[in-house]
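Data block below; observations after.
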Amino acid sequence: CHLLGLDFSLVNSENIKEARHKIAFDLWEAANDAVLQSRMSTFKPPKRAPVKPVDLG
Numbered sequence: 001c002h003l004l005g006l007d008f009s010l011v012n013s014e015n016i017k018e019a020r021h022k023i024a025f026d027l028w029e030a031a032n033d034a035v036l037q038s039r040m041s042t043f044k045p046p047k048r049a050p051v052k053p054v055d056l057g
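Its first residue numbered 1, the sequence shown is counted upward by one per residue in the UniProt record's numbering.
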C-alpha cells in the first residue's frame with residue numbers, strides 16, 4: 001500500500017476476507033462453466049524455443 005500511495009485501511013482483515021470469498025466464488029463458478037471446461041480440455045500451450053540461461057551474478 002505504501003509503495004502505491006494507498007491507504008493502509010485497505011489491508012484490514014474484513015477487506016482481505018471479502019477478497020478471499022470473491023476469489024473462491026470466482027473459482028467455483030469457473031469450475032462449473034461448461035464452456036470454460038471445454039476450452040481448457042482442448043488447450044495446447046504454445047511452443048517456445050528453449051531460452052538460454054542468464055547469469056545474474
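Where is the CB? At the ideal position from N, CA and C, for every residue including glycine.
- Membership of Ala19 in the alpha helix (DSSP H) is indicated by the continuous run 13–31.
- For Phe8, the three-state secondary structure derived from DSSP is helix.
- Taken through DSSP and simplified to helix, strand or coil, Val51 comes out as coil.
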